[in-house]
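According to my numbering, the residues represented by the sequence shown are 35 to 761, in order.
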Amino acid sequence: MWSRVQNRLPTAAPLFLALVCAVFYAPLFLNEHHVWFDHWDMCTLEIPRLQFIATELHAGHFPFWDPHIWCGQPLVGETQPGPLYPLNLLLAALPLDGYGGLRFSLLNLYYVWIHIQAALFMYLLCREAGLGRMASVLGGAGFSLSGFLATIPWLDVLNGAVWTPVILLFLLRVLRQRGDGLQNAAGYGVCLGLSWLSGHHEIPLLNTVATMGVWGAWLFARGLRRRQFEWKQMRAFLFGAAIAGAVSAAQILPSLEFARQARRWAGTPEPVSWNEQIPYALFGEHSVSPEDIWQVMIPKQAPQAMSTLYVGVTMCALALVGLLWRKQPGVRMAVGLVTFSSLYVLGVHTPVHHLLVTIVPYLGKARHPNRGAYLLALGLCLLAAYGMQWVLRRVSPYGRALQAAAFVVLLGIALHEWYGVRQERITDTRTAAVCAPRLQAFRRQPAPEGVGRVVGDPAELRANIGDLLGVDQLRGFVAAASRNLLLHELHTERTQELFGVTHEAGFQQQTGMLEWKAKAHPGKREWIAHEAVKVESADDLRKRIQDSRTDLHRTLLTLGPAPDLETCEGTEEIRVLWRRSDSLGLRVRLPCRAAVVVADTFYPGWKAVVDGKDVLLTEAYGALRAVVAGKGEHVVRMDYHPSTEIAGIVLSLAGLLSGAIVWLRKQATGAEPNSACEDASQVLLPHSPQAGPCGPQAPSASGTGRLPTRNRWCTRRPGKRPEAVDR
Numbered sequence: 035m036w037s038r039v040q041n042r043l044p045t046a047a048p049l050f051l052a053l054v055c056a057v058f059y060a061p062l063f064l065n066e067h068h069v070w071f072d073h074w075d076m077c078t079l080e081i082p083r084l085q086f087i088a089t090e091l092h093a094g095h096f097p098f099w100d101p102h103i104w105c106g107q108p109l110v111g112e113t114q115p116g117p118l119y120p121l122n123l124l125l126a127a128l129p130l131d132g133y134g135g136l137r138f139s140l141l142n143l144y145y146v147w148i149h150i151q152a153a154l155f156m157y158l159l160c161r162e163a164g165l166g167r168m169a170s171v172l173g174g175a176g177f178s179l180s181g182f183l184a185t186i187p188w189l190d191v192l193n194g195a196v197w198t199p200v201i202l203l204f205l206l207r208v209l210r211q212r213g214d215g216l217q218n219a220a221g222y223g224v225c226l227g228l229s230w231l232s233g234h235h236e237i238p239l240l241n242t243v244a245t246m247g248v249w250g251a252w253l254f255a256r257g258l259r260r261r262q263f264e265w266k267q268m269r270a271f272l273f274g275a276a277i278a279g280a281v282s283a284a285q286i287l288p289s290l291e292f293a294r295q296a297r298r299w300a301g302t303p304e305p306v307s308w309n310e311q312i313p314y315a316l317f318g319e320h321s322v323s324p325e326d327i328w329q330v331m332i333p334k335q336a337p338q339a340m341s342t343l344y345v346g347v348t349m350c351a352l353a354l355v356g357l358l359w360r361k362q363p364g365v366r367m368a369v370g371l372v373t374f375s376s377l378y379v380l381g382v383h384t385p386v387h388h389l390l391v392t393i394v395p396y397l398g399k400a401r402h403p404n405r406g407a408y409l410l411a412l413g414l415c416l417l418a419a420y421g422m423q424w425v426l427r428r429v430s431p432y433g434r435a436l437q438a439a440a441f442v443v444l445l446g447i448a449l450h451e452w453y454g455v456r457q458e459r460i461t462d463t464r465t466a467a468v469c470a471p472r473l474q475a476f477r478r479q480p481a482p483e484g485v486g487r488v489v490g491d492p493a494e495l496r497a498n499i500g501d502l503l504g505v506d507q508l509r510g511f512v513a514a515a516s517r518n519l520l521l522h523e524l525h526t527e528r529t530q531e532l533f534g535v536t537h538e539a540g541f542q543q544q545t546g547m548l549e550w551k552a553k554a555h556p557g558k559r560e561w562i563a564h565e566a567v568k569v570e571s572a573d574d575l576r577k578r579i580q581d582s583r584t585d586l587h588r589t590l591l592t593l594g595p596a597p598d599l600e601t602c603e604g605t606e607e608i609r610v611l612w613r614r615s616d617s618l619g620l621r622v623r624l625p626c627r628a629a630v631v632v633a634d635t636f637y638p639g640w641k642a643v644v645d646g647k648d649v650l651l652t653e654a655y656g657a658l659r660a661v662v663a664g665k666g667e668h669v670v671r672m673d674y675h676p677s678t679e680i681a682g683i684v685l686s687l688a689g690l691l692s693g694a695i696v697w698l699r700k701q702a703t704g705a706e707p708n709s710a711c712e713d714a715s716q717v718l719l720p721h722s723p724q725a726g727p728c729g730p731q732a733p734s735a736s737g738t739g740r741l742p743t744r745n746r747w748c749t750r751r752p753g754k755r756p757e758a759v760d761r
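The structure is reproduced here in structure tokens:
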């Protein structure tokens with residue numbers, strides 16, 4: 035009977051863990067009034083951008099350019115919420131609701147799936163560390179349902195963090211293997227690259243730093259013990275790093291390009307450029323104070339925009355018990371992660387964070403030290419799983435029923451402790467909602483006919499209605515905007531007229547409806563200029579624009595060389611043939627040589643064609659696109675061909691393909707017998723007299739108390755055929 039149960043455990047334990055996560059978040063898919071995304075950034079930025087992607091995908095193409103925010107920005111370069119992340123694309127491709135919007139029910143299911151994914155990945159890491167299934171289930175549940183992952187509201191941050199356990203899993207396999215380890219290195223690289231595709235840069239940066247730290251500690255310890263350099267593991271590690279760089283290129287390359295072309299709001303009075311250092315004092319706003327580090331055991335209500343350190347008294351107590359396995363490298367790795375993350379989340383309160391920001395490239399761009407809490411939760415949950423294994427070992431002489439009872443009791447107590455943390459993220463839209471109902475109301479109010487580009491009070495609208503409704507918005511809620519747009523005084527009527535603003539949008543508190551008010555002097559989106567004037571500076575440009583004597587639709591102002599134009603009499607015409615997210619077609623009739631100006635952002639990657647011939651784009655008014663054409667009738671088209679993004683996608687596909695080929699080739703050839711027995715025992719097993727040449731041999735599928743070896747080629751006695759160890 036028990037043998038049949040043991041045979042089913044390899045699949046039963048992960049299914050049980052997934053069921054625990056689903057039941058824990060049951061209100062999200064059992065009640066349509068509960069949501070997890072009632073947070074300003076999700077409702078104003080990430081969900082509207084997902085809505086734009088979904089609308090474009092259902093129209094039959096992927097948009098590389100978002101024309102609806104800040105006169106147009108590169109979609110992938112904006113990073114949030116991970117436009118190229120596979121699961122985000124799958125969500126956007128699913129059926130929309132009757133209003134053409136993302137279904138709240140699918141968003142809820144997506145959130146639950148992310149937590150199931152995190153739990154399963156953590157479960158696999160615990161199993162790789164030699165822990166039994168019950169202990170691994172507890173570790174997976176703790177990482178997914180408590181602390182950081184239970185309260186963080188951003189999709190891009192969540193999707194980056196869930197890959198951390200499986201990254202460490204493959205890294206451990208690389209480090210313990212005496213062969214070349216290219217198969218596991220490929221898995222490590224693909225998973226690290228996918229964490230970068232999630233969008234936000236902070237968690238992938240920390241993942242990279244953490245893996246380098248684990249690698250460095252292993253290399254140092256191995257060098258002290260054996261006094262030799264492990265070239266094979268180094269080759270495998272570098273191969274994995276190359277795969278990670280290739281897979282992540284689709285997100286990293288456009289992000290770097292946009293970062294150099296944009297200015298970012300980073301808590302400073304004015305937005306900062308790429309090469310400007312964020313004042314270190316600003317890191318203190320998002321650092322955990324030393325007296326709050328005890329939040330790992332004491333629940334504290336987390337602000338809506340932040341997360342909590344809380345993992346519960348039960349997990350912390352088990353983590354202390356797990357230290358009894360102190361000779362296990364898995365325990366040592368967990369202790370290292372806890373130590374590093376504890377110092378990192380303290381931010382400005384310790385010199386360690388300042389040192390890391392100084393010496394690690396780009397880590398100074400991550401201004402939220404408290405987001406290192408996900409590594410703290412991972413380390414504590416891994417230690418707690420070791421502690422659970424110790425408890426199960428102590429009760430094993432009394433039978434499997436007592437083991438199961440101890441497991442159920444401890445897991446139940448932990449779930450009860452995490453329940454309060456869950457309430458921080460789940461909101462009932464009928465009673466305590468902040469912005470989700472407004473988001474739903476906005477989606478059901480299409481813009482009236484004749485609306486061109488709109489402007490509104492940011493404090494009143496609190497949403498990127500451009501991405502939600504498919505209208506163009508002068509400003510919006512974003513992390514960064516193109517620096518050429520920020521040269522202008524966008525709040526003035528003259529500048530808004532130049533940028534083609536036709537309506538002002540507002541929110542009626544009484545009715546909850548959008549109100550559209552036409553401008554007294556609506557601007558044009560396309561026009562023809564016959565005069566070109568070069569100005570000397572941005573200040574001069576702003577003064578000329580605000581000067582009422584300047585005819586904005588007749589005179590083209592430029593900070594660079596002025597194009598050669600002609601002034602003449604005659605009939606001229608400009609007509610839009612098509613307008614798509616990344617393409618614009620115009621038919622123009624010119625009585626003489628003139629400039630065709632479009633009130634959209636000038637940005638690298640935009641190409642112009644006049645009558646089938648490539649022509650040079652001119653940066654008009656310091657921020658807009660213009661092209662010069664001669665006398666006659668012409669077809670002018672402007673297309674966005676982002677070479678950086680295309681190159682990044684090609685590299686990512688090549689990285690994924692290379693990783694898959696290496697993985698499948700190694701799977702087909704198989705591992706070499708007895709090649710890793712020595713390292714498996716050194717990495718995974720305690721040093722005990724009961725251990726054989728490859729560690730303890732007794733089965734531990736239910737937590738018999740012995741940490742098993744991972745290497746299935748190890749034999750019980752020399753001279754016998756290899757037989758797999760039952761885990």
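In this text, a Cβ means the ideal position worked out from N, Cα and C, and glycines have one as well.
Inset, instruction - Count the other CB atoms, across all protein chains shown, that sit within 10 Å of the CB of G132; report buried if there are 16 or more and exposed otherwise. - result: exposed
Legend entry - Span of the alpha helix (DSSP H) around D648: Looking at the DSSP string, D648 is not in any alpha helix (DSSP H); the run it does join, the beta strand (DSSP E), is 647-649.
Legend entry - Residue from L658, A628, A513 with nearest C-alpha to L79: A513
Legend entry - Coil, strand or helix - W147 by DSSP: helix
Inset, instruction - Mark I1 as exposed unless 16 or more other C-beta atoms lie within 10 angstroms of its C-beta, in which case mark it buried. - result: This structure gives no information on residue 1, because the portion of the chain shown stretches from 35 to 761.
Inset, instruction - Answer yes or no: the CB of L165 versus the heavy atoms of the ligand SAM, is any distance below 8 Å? - result: In terms of ligand content, the structure shown is empty, and the ligand SAM therefore cannot be addressed.
Inset, instruction - Identify whether Y344 lies in helix, strand or coil by the three-state DSSP scheme. - result: coil
Inset, instruction - Look up L793 in the DSSP assignment and say whether it is helix, strand or coil. - result: As shown, the chain starts at 35 and ends at 761. That puts residue 793 outside it, with no answer to give.
Inset, instruction - Could you tell me whether the region 654-672 touches the region 506-520, where touching means 3 or more Cβ pairs closer than 8 Å? - result: yes
Inset, instruction - Give the C-beta separation of S376 and I327 to the nearest angstrom, bearing in mind that I take them to be a contact with Cβ-Cβ under 8 Å. - result: 7 Å
Legend entry - Assigned exposure category for V455 - 16 Cβ within 10 Å defines buried: buried
Inset, instruction - Check the DSSP bridge columns for M672 and list the partner residues they point to. - result: L618, A642
Inset, instruction - Find out if the Cβ-Cβ distance for the pair L290, M268 is shorter than 9 Å. - result: no
Inset, instruction - Verify whether the separation of the beta carbon atoms of E679 and G250 is less than 9 Å. - result: no
Legend entry - Exposure label - Y453; buried when at least 16 CB within 10 Å: exposed
Legend entry - Distance CB(T245)-CB(L202) smaller than 9 Å: yes
Inset, instruction - May I have the straight-line CA-CA distance separating F317 from V57, to the nearest angstrom? - result: 37 Å
Legend entry - Exposed unless 16 or more other CB atoms sit within 10 angstroms - verdict on G176: buried
Inset, instruction - Compute the Euclidean distance between the alpha carbons of F1 and V191, then round it to the nearest angstrom. - result: In the structure as shown, the chain begins at 35 and stops at 761. Residue 1 is therefore absent and cannot be evaluated.
Inset, instruction - Let me know if A195 comes out buried or exposed under the rule of 16 or more other beta-carbons within 10 Å of its beta-carbon. - result: buried
Legend entry - Three-state class that DSSP yields for L206 in the structure shown: helix
Inset, instruction - Report back the beta-carbon spacing between V281 and G604 to the nearest angstrom; my notes put them in contact at under 8 Å. - result: The Cβ separation is near 56 Å, so there is no contact.
Inset, instruction - Report yes if the C-beta distance between P288 and G557 is below 9 Å; otherwise report no. - result: no
Legend entry - Beta-carbon proximity list for L189, same chain, < 6 Å, skipping 5 on both sides: E80, P115
Inset, instruction - My understanding is that W640 touches Y674, with C-beta atoms under 8 Å, so please give their C-beta distance in whole angstroms. - result: 5 Å
Inset, instruction - Following the continuous beta strand (DSSP E) through A552, name the residue where it begins and the one where it ends. - result: 548-552
Legend entry - The alpha helix (DSSP H) enclosing H564, as first and last residue numbers: Segment: none, H564 is in no alpha helix (DSSP H) and carries neither H nor E.
Legend entry - Given 8 Å, three or more beta-carbon pairs between the region 457-475 and the region 60-78: yes
Legend entry - Own chain, CB closer than 8 Å to L53, minus 5 neighbours either side, in chain order: none
Inset, instruction - Would you list the one or two residues that DSSP bridges to P108? - result: W99
Legend entry - Straight-line Cα distance separating T463 from I62: Looking at the sequence itself, residue 62 is Leu, so the reference to Ile does not match. In a straight line, the C-alpha of L62 is about 12 Å away from that of T463.
Legend entry - Burial state of Q373 (16 or more Cβ within 10 Å): First, the residue type needs correcting, since residue 373 is Thr and not Gln in the sequence shown. By the neighbour-count rule (16 or more Cβ atoms within 10 Å), T373 is not buried but exposed.
Inset, instruction - With DSSP as the reference, please indicate the residues paired to F541 in a beta bridge. - result: L548
Inset, instruction - Would you mind stating whether M168 and Q362 have Cβ atoms separated by less than 9 Å? - result: no
Legend entry - Host beta strand (DSSP E) of E653 (start-end): 652-654
Legend entry - Cα-Cα separation between S139 and E66, rounded to whole angstroms: 7 Å
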